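Peer 1: Chains as they are written, first to last, in this note's numbering: chain D, 37 to 415; chain L, 37 to 415.
In this text, a Cβ means the ideal position worked out from N, Cα and C, and glycines have one as well.
Quantities reported herein were computed from a predicted structural model and do not represent experimental measurements.
2 protein chains.
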Amino acid sequence: MKDKTFLMIPGPTPVPESVMLETARHPIGHRSSEFSAILKEVYENLKYVFQTKNDVFVFTASGTGAMCAALENLVNPGDKVLCLSMGNFGERWAKIAESRGAVIEKIKVDAGQVIDAQVLQEKLAQFNPKIVTLTHSETSTGAANDVKTLCSIIRKHGCLSVVDGVTSVCAMPCKPDDWDIDVLISGSQKGFMAPPGLAFLTANERAWKVYEQCEHPSFYFDWAAHKKAVADDTTPFTPAVNLIAGLNVALKMIKDEGIDNMNARHKKHAMALRAAIRALGLQLLVKDDSNASCAITSIVPPEGISVPDIRKTLKNDYDIVVANGQGQLQDKIFRMGTLGFVCDRDLIGAVGALEASLQKLGHRFETGAGVQALLKGLQ
Amino acid sequence: MKDKTFLMIPGPTPVPESVMLETARHPIGHRSSEFSAILKEVYENLKYVFQTKNDVFVFTASGTGAMCAALENLVNPGDKVLCLSMGNFGERWAKIAESRGAVIEKIKVDAGQVIDAQVLQEKLAQFNPKIVTLTHSETSTGAANDVKTLCSIIRKHGCLSVVDGVTSVCAMPCKPDDWDIDVLISGSQKGFMAPPGLAFLTANERAWKVYEQCEHPSFYFDWAAHKKAVADDTTPFTPAVNLIAGLNVALKMIKDEGIDNMNARHKKHAMALRAAIRALGLQLLVKDDSNASCAITSIVPPEGISVPDIRKTLKNDYDIVVANGQGQLQDKIFRMGTLGFVCDRDLIGAVGALEASLQKLGHRFETGAGVQALLKGLQ
């Protein structure tokens, strides 16, 4: 049905009407007092959402832009960077570090697995890196690291931790100031309930000391230029003013809900969905609930039913878009996002539609088993 | 009056309602066939607007992002870069080149002046740079270089020309394939009649040869990743899908008008405005029409009347936003943009409002002289 699509991919995610309408207002001058007033609220509310006393920078860019904004302001050629990789987005950190001439090593785990603290400790002792990159919620698998524990180990070793919070911020507790996270990045089209095109970064004093040693910091993503801009309620360059105006509305909604409540909502949804998937007799890529992202759930299709068929049925018959696996996981899993502007009713509809789709495709189970398990989880 | 603002700053510029409404539609997945269909049209129509047979890349970024996308894929530390500077945006090229460790020299002219071909020839012989950066239409002054002549000289010398077409593309003839321009960049919030947040770059085969020698090309702005993406009707990273959907509508409007007609409209508007300003007894920063940008006109206020007062009166009484000067030109000039989605009626209203504002502030001239000169120019 036209205009009925429910985006369950891990970004772009559903966006409230009030946010979309705000983005549709005619652009205003980015050096005007009206726009400064918007930015002032945005910068303040981003600190609330990121749960940090430090500035949060806003870049007109994809989330990958914020990843570059992290490493391109920290890495000199020859620097040692350890990349903790659970999948595609962990690999992306490594590629960016390499693009700046870093000497990299990786701890790489199988799809669906998370980084082991003991392995990290041993690797740190052996490799002695300057920077460690990690992913909080790995969008390609739905696995989530215990960032608090890992970053505390990284801190004890004297290294800098650089964390991809693209799908975790808003969806899962993520507390840079309390958890020894030195640099944290995210993007607007994820838990923030806004359209894609804006990316965020916050860095602490330890990170700034490393920035000061960076020989060729990025010009477009330069931290010093952005810090000065935040202090002046402005941006260094012409930003996507419409997207920022929309983000302002979305951030107020997040503040109204409360970040802890928002985290709890995501956890409830993800765990209830996992229970439903199990009740349907399907396998989860991430076996253990405690290692599961609250933003995205990776599901292995039943024997004999293909991922493209499941995606096609969900889309054509129920206007639900779920994601395929990426890279080597393509056609091996499908991924259901429960990220951002998602309510219980959305999820009930989605699980019911998944049940019906699987039955159409020949998978057998007791009708209603998924919805029943979901409803219990939502209680 | 609320919602009546006419943006005459050099960006963001007025945006058609149809474009804004398109950006307000719910985001769709960036890997969907629906979005690929949009991108396919966008990539095709950008080649038409840029008047090139080469690919035009789309970055989710400010115009400055596209400037970085140019030099960060070409410059190695120690490379010699000659920066032709008519003002703020000419200086920006130099800063970006320096941020990559280039050895730079400049040809710098006073505000309102343009680069002299003879001076360029001598400098090329003396400095022998690898790359020459130049600005087509200098947004901070309203001066416009003869890019065709300058780039032909640069080509003859065997250097690579990198051109800022941020306010010139759409507003003035700019033909990279015919004019020996090796790299050309622009931004969505200028002549393209779209909101800010997208930036564009096209590069020819000569530029690609230099790219191949770049030791640490940008990851986010990497040309090879974008070239592959264009071939596949996609983008390397999650783009600002809403802005791209809006751009698609705007590009179709440009194609319907015809790029030559659009250039001619801008020329007519700029020249008629210049005639009106002269008729009001005001000085133009760029004296000679043949050196004037067709996107932006810099005006020196009458003796005894301040730029802030003119801007305030235009804004408060007539809902027109004009720009102040930048840097050393602050409060010395005001700048009126005639860029993008601007019709004759807009300009007639603006010149009439400027007349009335100047009279309120004490400047004396024959009432109607400006509008009269404008109307003659618009014939």
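1. Mind checking whether Val199(D) and Thr177(D) have CB atoms under 9 Å apart?
2. Can you tell me where the alpha helix (DSSP H) holding Cys379(D) begins and where it ends?
3. So, Thr217(D) versus Val94(D), is the Cβ gap smaller than 9 Å?
4. Are the beta-carbon atoms belonging to Val116(L) and Lys166(L) less than 9 Å from one another?
5. CB-CB under 8 Å to Ser254(L), same chain, minus the five flanking residues each way: which ones, in chain order?
6. Evaluate the contact criterion for the stretch 329-347 of chain L versus the stretch 206-223 of chain L: three or more CB pairs, one atom per stretch, below 8 Å.
7. Just to confirm, is the Cβ distance from Leu318(D) to Leu394(D) under 9 Å?
8. Just checking: is the beta-carbon of His302(L) within a distance shorter than 9 Å of some beta-carbon in chain D?
9. When you compare the CB of Tyr354(L) with every CB in chain D, is at least one pair closer than 9 Å?
10. Please identify, using Cβ separations under 8 Å, the residues of the stretch 128-144 of chain L that lie next to chain D, in order along the chain.
11. Please compile the residues from chain L whose C-beta is within a distance smaller than 9 Å of the C-beta of Met56(D).
12. CB Ile143(D) to CB Lys159(D), shorter than 9 Å?
13. Quick check on the DSSP output: what are the complete alpha helix (DSSP H) runs of length 4 or more inside the stretch 282-322 of chain D, in order along the chain?
14. Provide the residue span of the beta strand (DSSP E) that contains Leu107(L), from first to last.
15. By Cβ distance, which residues of its chain are closer than 8 Å to Asn81(D), with the 5 residues on each side in sequence left out?
16. Looking at the C-beta of Arg67(L), does it have a partner C-beta in chain D at a distance below 9 Å?
17. Name the chain D residues whose beta carbon is nearer than 8 Å to that of Cys250(L)?
18. Can you tell me whether Glu248(D) is buried or exposed, with buried defined as 16 or more other CB within 10 angstroms of its CB?
19. Determine the DSSP secondary structure at Ser128(D), reduced to helix, strand or coil.
20. Relative to the C-alpha of Thr374(L), which candidate in Ala392(L), Ala308(L) and Phe401(L) has its C-alpha closest?
21. Within 9 Å (strictly less), CB to CB, does Asn339(D) reach chain L?
22. I need the boundaries of the beta strand (DSSP E) containing Leu220(L), first residue and last residue.
23. Where Val51(L) and Ala239(L) are concerned, what is the direct C-alpha to C-alpha distance, given to the nearest angstrom?
24. By the DSSP assignment, the alpha helix (DSSP H) with Ala260(L) in it spans what residues?
25. Assuming contact is defined by CB atoms lying nearer than 9 Å, are Ser197(D) and Val168(D) in contact in what I supplied?
26. Whole angstroms is fine: what's the gap from Ala232(D)'s alpha carbon to Lys192(L)'s?
27. List the DSSP bridge partners of Gly373(L).
28. In the structure shown, what three-state DSSP assignment does Glu339(D) receive?
29. Where does the unbroken alpha helix (DSSP H) through Ile74(L) begin, and where does it stop?
30. Can you give me the Cβ contacts of Ala97(L) inside the same chain, cut-off strictly under 7 Å, excluding the 5 residues immediately before and after it?
31. Rank Cys195(L), Gly227(L) and Gly194(L) by C-alpha distance to the C-alpha of Cys210(L) and give the top, closest one.
32. In the structure shown, what three-state DSSP assignment does Ala349(D) receive?
33. Out of curiosity, what's the CA-to-CA distance linking Gly243(D) and Gly363(L)?
34. Do you know how far the Cα of Phe42(L) is from the Cα of Asp355(L)?
35. Beta-carbon of Leu43(L) versus every beta-carbon of chain D: anything under 9 Å?
36. Nearest by alpha-carbon distance to Lys501(L): which of Asp152(L), Gln162(L) and Ser69(L) is it?
Peer 2: In this structure, then:
1. no
2. First-last for Cys379(D): undefined, no H or E at that position.
3. Note that residue 217(D) corresponds to Ile in the displayed sequence, not to Thr. It is not a contact, given that the beta carbons lie outside the stated cut-off.
4. The displayed chain sequence assigns Lys, not Val, to residue 116(L). Result yes, Cβ atoms of Lys116(L) and Lys166(L) sit closer than 9 Å.
5. Cys104, Ala105, Glu108 and Asn109
6. yes
7. yes
8. no
9. no
10. Lys131, Ile132, Ser135, Arg136 and Gly137
11. Thr59, Ala60, Arg61, His62, Pro63 and Asn278
12. yes
13. 295-315
14. Counting along the chain, Leu107(L) falls outside any beta strand (DSSP E), though it belongs to the alpha helix (DSSP H) covering Gly99 to Leu107.
15. Asn284, Leu287, Lys288, Ile290 and Lys291
16. yes
17. Within chain D, no residue comes near Cys250(L); the closest Cβ sits about 11 Å away, beyond 8 Å.
18. exposed
19. Here residue 128(D) turns out to be Arg, not Ser, going by the sequence shown. Of the three classes helix, strand and coil, the one that applies to Arg128(D) here is helix, per DSSP.
20. Ala308(L)
21. Note that residue 339(D) is Glu in the sequence shown, not Asn. Output row for Glu339(D): interface = no.
22. Val219 to Gly223
23. 28 Å
24. Trp259 to Ala267
25. yes
26. With the sequence shown as reference, residue 232(D) is identified as Pro, and Ala is not the correct amino acid for it. When rounded, the distance between both Cα atoms is 43 Å.
27. Ile332(L)
28. coil
29. Ser69 to Phe86
30. Ala235
31. Gly227(L)
32. The residue asked about is misnamed: residue 349(D) is Thr in this sequence, not Ala. In the structure shown, Thr349(D) sits in a helix (DSSP, three-state: H, G or I).
33. Residue identity check: residue 243(D) is Ala in the sequence provided, not Gly. Cα to Cα, Ala243(D) sits roughly 31 Å from Gly363(L).
34. 6 Å
35. yes
36. Because chain L in this structure spans residues 37 to 415, residue 501(L) falls outside the shown range and cannot be described.
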